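Engineer:
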Amino acid sequence: MGRGGRGAGRRAARSVRTPRGATAAFPDPSGVGSARRPDRPHAGGRHSKVEVSNLLVLGATGFVGGSVCEKLVARSGGAGGRIRVATRRIMRARHLQLLPTIEVAVGDVHDDARLARMLRDTDAVINLVAILHGSEAAFERVHVRLPERLAAGHQ
Numbered sequence: 001m002g003r004g005g006r007g008a009g010r011r012a013a014r015s016v017r018t019p020r021g022a023t024a025a026f027p028d029p030s031g032v033g034s035a036r037r038p039d040r041p042h043a044g045g046r047h048s049k050v051e052v053s054n055l056l057v058l059g060a061t062g063f064v065g066g067s068v069c070e071k072l073v074a075r076s077g078g079a080g081g082r083i084r085v086a087t088r089r090i091m092r093a094r095h096l097q098l099l100p101t102i103e104v105a106v107g108d109v110h111d112d113a114r115l116a117r118m119l120r121d122t123d124a125v126i127n128l129v130a131i132l133h134g135s136e137a138a139f140e141r142v143h144v145r146l147p148e149r150l151a152a153g154h155q
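Numbering follows the working numbering, in which position 78 of the sequence shown is assigned residue number 78; successive positions increment by one, without gaps.
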């Protein structure tokens with residue numbers, strides 16, 4: 001519908017699944033509708049809806065991460081909640097520090113104690129850590145063990 005039509009002035013929400021199995025609602029900046037496709041029915045109440053206000057973004061300083069963080073800040077309007085970004089090098093996160101609600105956590109996500117501190121007080125995790133080249137062990141560490149540790153640490 002056009003302006004002034006039914007639902008004018010309301011913003012729809014996009015839903016995503018959080019690591020805890022809940023469905024999180026994010027405002028849809030277009031105001032057009034929800035992310036749920038009509039050909040995919042809702043799971044029938046198995047998952048509760050929660051507001052996601054505190055996020056941890058891993059890989060935020062990488063190829064895709066900066067854009068994701070900018071979009072998250074734009075969707076929240078820079079108000080409420082916190083977006084914690086993890087980086088090994090603070091200088092790589094300089095451009096992100098200028099965004100409202102961004103908190104930079106310096107440390108290696110492969111260190112269990114540091115990852116546990118980064119996960120503290122977060123509602124959801126966005127894992128964008130990836131490698132394109134390296135040994136089989138490096139791929140295993142980044143693409144298998146890190147996601148397993150995130151799932152175990154965020155329950």
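Glycine is no exception: its CB is placed at the ideal position from the N, C-alpha and C atoms. Being a predicted model, the structure only gives us computed values, none of them experimental.
Examine the Cβ distances between the stretch 49 to 65 and the stretch 120 to 140 and report whether three or more of them are shorter than 8 Å.
Structural biologist: By the Cβ test, the stretch 49 to 65 is in contact with the stretch 120 to 140, since at least three Cβ pairs between them sit closer than 8 Å.
Engineer: Thinking C-alpha only, which one of G66, E148, G134, R94 is nearest H110?
Structural biologist: Locating residue 110 in the sequence shown gives position 110, counting from the first residue. Nearest option by C-alpha distance: E148.
Engineer: Would you mind stating whether V104 and T87 have Cβ atoms separated by less than 8 Å?
Structural biologist: Translated into positions along the sequence shown, residue 104 becomes position 104. Translated into positions along the sequence shown, residue 87 becomes position 87. Cβ distance < 8 Å, so V104 and T87 count as in contact.
Engineer: Provide the residue span of the alpha helix (DSSP H) that contains A93, from first to last.
Structural biologist: Start at 1 with the first residue of the sequence shown, and residue 93 comes out as number 93. That residue, A93, is in no alpha helix (DSSP H); it is neither H nor E in DSSP.
Engineer: Can you tell me whether K60 is helix, strand or coil according to DSSP?
Structural biologist: The residue you call residue 60 lines up with position 60 of the sequence shown. The identity of residue 60 in the sequence shown is Ala, whereas the question assumes Lys. Three-state DSSP puts A60 in coil, outside helix and strand.
Engineer: I need the DSSP call for L55, collapsed to helix, strand or coil.
Structural biologist: Locating residue 55 in the sequence shown gives position 55, counting from the first residue. L55: strand per DSSP, three-state reduction.
Engineer: Taking 8 Å as the threshold (C-beta atoms), are A93 and T61 in contact?
Structural biologist: Working through the sequence shown from its first residue, we reach residue 61 at position 61. Working through the sequence shown from its first residue, we reach residue 93 at position 93. Cβ distance < 8 Å, so T61 and A93 count as in contact.
Engineer: Compute the Euclidean distance between the alpha carbons of H165 and E70, then round it to the nearest angstrom.
Structural biologist: Summary: the structure shown does not reach residue 165, with the chain confined to residues 1 through 155, and so no result is reported for it.
Engineer: Could you tell me which residues DSSP puts in a beta bridge with A86?
Structural biologist: Taking the sequence shown and counting its residues from 1, one reaches residue 86 at position 86. L58, A105.
Engineer: Terminal residues of the continuous beta strand (DSSP E) containing A124?
Structural biologist: As a position in the sequence shown, residue 124 is number 124, starting the count at 1. Note, A124: beta strand (DSSP E), 124 to 127.
Engineer: CA-CA distance, P27 and S76?
Structural biologist: Taking the first residue of the sequence shown as 1, we reach residue 27 at position 27. Taking the first residue of the sequence shown as 1, we reach residue 76 at position 76. With a pLDDT of only 45 at P27, under the threshold of 50, the placement of this residue in the model should not be trusted, and no figure is reported.
Engineer: Under 8 Å between the Cβ atoms of L96 and G66?
Structural biologist: Residue 96 sits at position 96 when you count from the first residue of the sequence shown. Residue 66 sits at position 66 when you count from the first residue of the sequence shown. Cβ atoms of L96 and G66: closer than 8 Å.
Engineer: Could you tell me if E136 is buried or exposed, where buried requires 16 or more neighbouring beta carbons within 10 angstroms of its beta carbon?
Structural biologist: Position 136 of the sequence shown, counted from the start, is the residue given in the question as residue 136. Exposed, by the Cβ-count rule.
Engineer: When you compare only the Cα positions, how much space is there between P38 and I90?
Structural biologist: Residue 38 sits at position 38 when you count from the first residue of the sequence shown. Residue 90 sits at position 90 when you count from the first residue of the sequence shown. Residue placement at P38 is poorly supported in this model, since its pLDDT is 45, which falls under 50; the coordinates still yield a value, given next. If you take the alpha carbons of P38 and I90, they lie about 43 Å apart.
Engineer: DSSP on R165, reduced to helix/strand/coil?
Structural biologist: Since the first and last residues shown for the chain are 1 and 155, residue 165 lies out of range.
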